[in-house]
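Colleague: If you count by this note's numbering, then the sequence shown holds residues 1242 to 1546, one letter each, in order.
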Amino acid sequence: MPVLLRACLEALYVRPDGIYVDGTLGRAGHAFEIARQLKSGRLVGIDRDTAAIEVAEERLKPFLNRVSLVHGNFREIGAILDRLGIDLVDGMLFDLGVSSPQLEEVDRGFSYMQDAPLDMRMDQSAALTAKEVVNTWSEERLRQILFEYGEERYTPRIAKAIALARETRELETTGQLVEIIKAAMPASALREKQHPAKRSFQAIRIAVNDELGAVEDMLEVAAERLRPGGRLLVISFHSLEDRLVKRAIQKRERGCICPRDFPVCACGFTPTLQAVGRKAIVPDEEEIANNPRARSARLRVAERV
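Now the structure itself:
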């Protein structure tokens, strides 16, 4: 079930002759509704997961005459549009969450609820896996990603526990990692409503897929490839990504970035985006009841000026 679907469609203002990008196809839920409203327009659908491309191709069959599907990373949005001969677009949508199929496919290793190989790759052709991260990255580097990407309170304990455990055996499964994390945490943390491994798994997944770097690259290019009045929509699922998106929009609202003591502007930077609403859009209780995974979703919308 696509998250915040109604809010996304209202914010995009899909025109029948417009050009739109869904940079994170997943099950093509958002893409289907966008493509359905197009007539002479075009939808570019991108995903780094080949399985998602295959699902989208089947689901979007009625609209394939107006859809271009691309296996790629949304951080390469500029190059992808260039290859397709597209200069400017009318709207872009990016859903930064892990898709339901990826969570449900046990062997992908995204879930801390089932035992599986330590993988966590969005793109199965990529080299770096979660197994390599937990077995070869230094304890200091593990502390860094757990703190910065997972905002984990017990970072030192968990990083140390992983480093000690791998001295005696190579860590191969998510189940092994979950047990190490749980053993490293105090009893009070284990009684919390949130699963004790949630933040650590989030951090490792972000590191494996360089998700924050990809978002920064995408935001850098997205504003340049929108027509004036075009809309940028980004759905995030944790505070780290939401802050990154919020700050990127704010930066592009302000214009000049020269130091305050400069007598005249030397940077030549002009505003490119304007936030549509100051607060993120969140799902209502009805949507959360129908789709519990939507609970932490946050939608930020900006318009090209």
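The beta-carbon is built from N, C-alpha and C at its ideal position, and this holds for glycine as well.
Where does residue 1302 land, buried or exposed, given buried means 16+ other C-beta within 10 angstroms?
Modeller: For the purposes of this step, residue 1302 is taken as residue 61 along the sequence shown, with counting starting at 1. By the 10 Å Cβ count, residue 1302 comes out exposed.
Colleague: Per DSSP, what kind of secondary structure is residue 1436 in: helix, strand or coil?
Modeller: In the sequence shown, the residue the question calls residue 1436 occupies position 195. Note: residue 1436 maps to coil in three-state DSSP.
Colleague: Mapping DSSP to helix, strand and coil, what is residue 1541?
Modeller: The residue you call residue 1541 lines up with position 300 of the sequence shown. Note: residue 1541 maps to strand in three-state DSSP.
Colleague: Apart from the five residues on each side of it in sequence, which residues of its chain come closer than 6 Å, Cβ to Cβ, to residue 1544?
Modeller: The count along the sequence shown starts at 1 and reaches residue 1544 at position 303. Excluding positions up to five away in sequence, the list reads 1472, 1515 and 1517.
Colleague: Is it buried or exposed, residue 1333, if we count other Cβ atoms within 10 angstroms and call 16 or more buried?
Modeller: Numbered from its first residue, the sequence shown carries residue 1333 at position 92. With 16 or more other Cβ atoms within 10 Å, it is buried.
Colleague: Quick check: what's the CA-CA separation for residue 1449 versus residue 1505?
Modeller: Working through the sequence shown from its first residue, we reach residue 1449 at position 208. Working through the sequence shown from its first residue, we reach residue 1505 at position 264. When rounded, the distance between both Cα atoms is 43 Å.
Colleague: Closest by CA to residue 1482, which one among 1439, 1429, 1539 and 1441?
Modeller: Taking the first residue of the sequence shown as position 1, residue 1482 is located at position 241. For the residues 1439, 1429, 1539 and 1441, the minimum Cα distance to residue 1482 belongs to 1539.
Colleague: Measure from the alpha carbon of residue 1410 to the alpha carbon of each residue in 1419, 1307, 1376 and 1454, then state which is nearest.
Modeller: The residue given as residue 1410 occupies position 169 in the sequence shown. Out of 1419, 1307, 1376 and 1454, 1376 has the C-alpha closest to the C-alpha of residue 1410.
Colleague: Using the three-state DSSP reduction, which class does residue 1331 fall into: helix, strand or coil?
Modeller: By one-based count along the sequence shown, residue 1331 stands at place 90. Strand, per DSSP.
Colleague: Mapping the DSSP letters down to three states, classify residue 1312 as helix, strand or coil.
Modeller: Taking the sequence shown and counting its residues from 1, the one referred to as residue 1312 is at position 71. Note: residue 1312 maps to strand in three-state DSSP.
Colleague: Going by C-alpha distance, which of 1523, 1541 and 1424 is nearest residue 1487?
Modeller: Here the question's residue 1487 lines up with position 246 in the sequence shown. When only C-alpha atoms are compared, the closest one is 1541.
Colleague: Identify, in the order they occur along the chain, each residue of the same chain with its Cβ nearer than 6 Å to the Cβ of residue 1294, setting aside the five sequence neighbours on each side.
Modeller: For the purposes of this step, residue 1294 is taken as residue 53 along the sequence shown, with counting starting at 1. These residues qualify, in order along the chain: 1288, 1310 and 1312.
Colleague: Please determine if the stretch 1326 to 1340 and the stretch 1459 to 1479 are in contact, where contact requires at least 3 C-beta pairs separated by less than 8 Å.
Modeller: Short answer: they touch.
Colleague: Tell me which residue opens and which closes the alpha helix (DSSP H) that residue 1429 is part of.
Modeller: Walking along the sequence shown from the start, residue 1429 turns up at place 188. It spans 1428 to 1431 - the alpha helix (DSSP H) in which residue 1429 sits, taken as one unbroken run.
Colleague: Mind checking who residue 1472 pairs with in its DSSP beta bridge?
Modeller: Within the sequence shown, the letter at position 231 stands for residue 1472. DSSP lists 1332 and 1544 as partners of residue 1472.
Colleague: Select from 1392, 1394, 1441 and 1433 the residue whose C-alpha is nearest the C-alpha of residue 1415.
Modeller: As a first step, residue 1415 is located in the sequence shown; it is residue number 174 there, counting from the start. Ranking the options by Cα distance to residue 1415, first place goes to 1441.
Colleague: For residue 1374, which three-state DSSP category applies?
Modeller: For the purposes of this step, residue 1374 is identified with residue 133 of the sequence shown, where counting begins at 1. Helix at residue 1374.
Colleague: Does the Cβ of residue 1335 have 16 or more other Cβ atoms within 10 Å, making it buried, or fewer, making it exposed?
Modeller: Position 94 of the sequence shown, counted from the first residue, corresponds to residue 1335. Residue 1335 comes out buried.
Colleague: Is residue 1523 closer than 7 Å to residue 1445 when the C-beta atoms are compared?
Modeller: Position 204 of the sequence shown, counted from the start, is the residue given in the question as residue 1445. Position 282 of the sequence shown, counted from the start, is the residue given in the question as residue 1523. In this structure, residue 1523 does not lie closer than 7 Å to residue 1445 by Cβ.
Colleague: Should residue 1461 be listed as close to the ligand MG, given that the test is whether its C-beta is under 6 Å from any heavy atom?
Modeller: Because no ligand of any kind appears in the structure shown, any question about the ligand MG cannot be addressed here.
Colleague: To the nearest angstrom, report how far apart residue 1503 and residue 1453 are at their CA atoms.
Modeller: Counted from its first residue, the sequence shown places residue 1503 at position 262. Counted from its first residue, the sequence shown places residue 1453 at position 212. Answer to the nearest angstrom: the Cα atoms are 32 Å apart.
Colleague: In three-state DSSP terms, what is residue 1339?
Modeller: Locating residue 1339 in the sequence shown gives position 98, where the first residue counts as 1. Reduced to three states, the DSSP call for residue 1339 is coil.
Colleague: Using a threshold of 7 Å, state whether the C-beta atoms of residue 1283 and residue 1307 are closer than that.
Modeller: Within the sequence shown, the letter at position 42 stands for residue 1283. Within the sequence shown, the letter at position 66 stands for residue 1307. Against a cut-off of 7 Å, the Cβ pair of residue 1307 and residue 1283 comes out as a contact.
Colleague: Is residue 1391 near residue 1443, with beta carbons less than 7 Å apart?
Modeller: Here the question's residue 1391 lines up with position 150 in the sequence shown. Here the question's residue 1443 lines up with position 202 in the sequence shown. Cβ distance < 7 Å, so residue 1391 and residue 1443 count as in contact.
Colleague: Using three-state DSSP, classify residue 1262 as helix, strand or coil.
Modeller: Sequence index remark: in the sequence shown, residue 1262 carries index 21 (1-based). Residue 1262 falls in the strand class under three-state DSSP.
Colleague: Out of 1290, 1259 and 1267, point me to the one whose CA is closest to residue 1276's CA.
Modeller: As a position in the sequence shown, residue 1276 is number 35, starting the count at 1. The shortest C-alpha separation from residue 1276 is found at 1259.
Colleague: Runs of 4 residues minimum, wholly inside the stretch 1488 to 1517: which ones carry the alpha helix (DSSP H) assignment?
Modeller: For the stretch 1488 to 1517, not a single whole alpha helix (DSSP H) run of length 4 or above is found.
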